[in-house]
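A.B. asks: My questions all concern the structure below.
Residue numbers (this note's numbering): -5 to 125.
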């Protein structure tokens, strides 16, 4: 299987690295779709996510992935309730993140929000000490 995550979907995982590591147990290729390559690279570096590919969410890029990676299935995990218009109907399946997380046992909860709260709490503590 070739499995692609929309960047927005992977951002909602509590531990994005653990999600990708788990997905590698049953998917041959795991990658990321993002309209902003720099944001995708930064996210992967920050969360130590190893990916086999990065592509833009376009029919052209998905067609290219289908020919580059010969697998029995191609699945996109995203956040929208409906199948994205750019997703090729002939080869690619669509799975909502909530459904995939439920089936795989992944914990959701924005890791960036948690780290932001941690940073705010830490800053508050530091500032109180200096008062």
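Positions of the beta carbon are idealized from the N, C-alpha and C atoms, including for glycine.
Determine, using beta carbons only, whether residue 6 and residue 102 come nearer to each other than 7 Å.
C.D. replies: Result yes, Cβ atoms of residue 6 and residue 102 sit closer than 7 Å.
A.B. asks: Curious, which full-length alpha helix (DSSP H) runs of at least 4 residues does the segment 63 to 100 contain?
C.D. replies: Segments of the alpha helix (DSSP H) lying fully in the segment 63 to 100: 91 to 98.
A.B. asks: Who are the near neighbours of residue 73 in its chain, counting only those whose CB is closer than 8 Å to its CB and skipping five residues on each side?
C.D. replies: Closer than 8 Å at the Cβ level, and outside the excluded window around residue 73, lie 0, 2, 3, 6, 90 and 91.
A.B. asks: Considering only DSSP beta bridges, list what residue 0 is partnered with.
C.D. replies: In the DSSP output, where bridge partners are listed per residue, residue 0 has 27.
A.B. asks: Do you know how far the Cα of residue 121 is from the Cα of residue 70?
C.D. replies: When rounded, the distance between both Cα atoms is 44 Å.
A.B. asks: Alpha helix (DSSP H) containing residue 49: first to last residue?
C.D. replies: Careful: residue 49 lies outside any alpha helix (DSSP H), inside the beta strand (DSSP E) at 47 to 49.
A.B. asks: Which class does residue 102 belong to by DSSP, given the choice of helix, strand or coil?
C.D. replies: Of the three classes helix, strand and coil, the one that applies to residue 102 here is strand, per DSSP.
A.B. asks: If you count every other CB in all the chains shown that lies within 10 Å of the CB of residue -3, and 16 or more means buried, which is it?
C.D. replies: Its Cβ being crowded by 16 or more others within 10 Å, residue -3 is buried.
A.B. asks: Tell me the DSSP bridge mates of residue 33?
C.D. replies: Looking at the DSSP assignment, residue 33 forms no beta bridge with any residue, so it has no partner.
A.B. asks: Between which two residues does the alpha helix (DSSP H) carrying residue 14 extend?
C.D. replies: 10 to 17 is the extent of the alpha helix (DSSP H) around residue 14.
A.B. asks: Do residue 48 and residue 82 have their CB atoms nearer than 7 Å?
C.D. replies: For residue 48 and residue 82, no; Cβs fall outside 7 Å.
A.B. asks: Pop quiz: residue 24 and residue 46 are said to be a contact at Cβ under 8 Å. What is the actual Cβ separation, rounded to whole angstroms?
C.D. replies: Yes, residue 24 and residue 46 are in contact; Cβ-Cβ is about 6 Å, under 8 Å.
A.B. asks: Where residue 39 and residue 31 are concerned, what is the direct C-alpha to C-alpha distance, given to the nearest angstrom?
C.D. replies: Looking at the two C-alpha atoms, the distance is approximately 12 Å.
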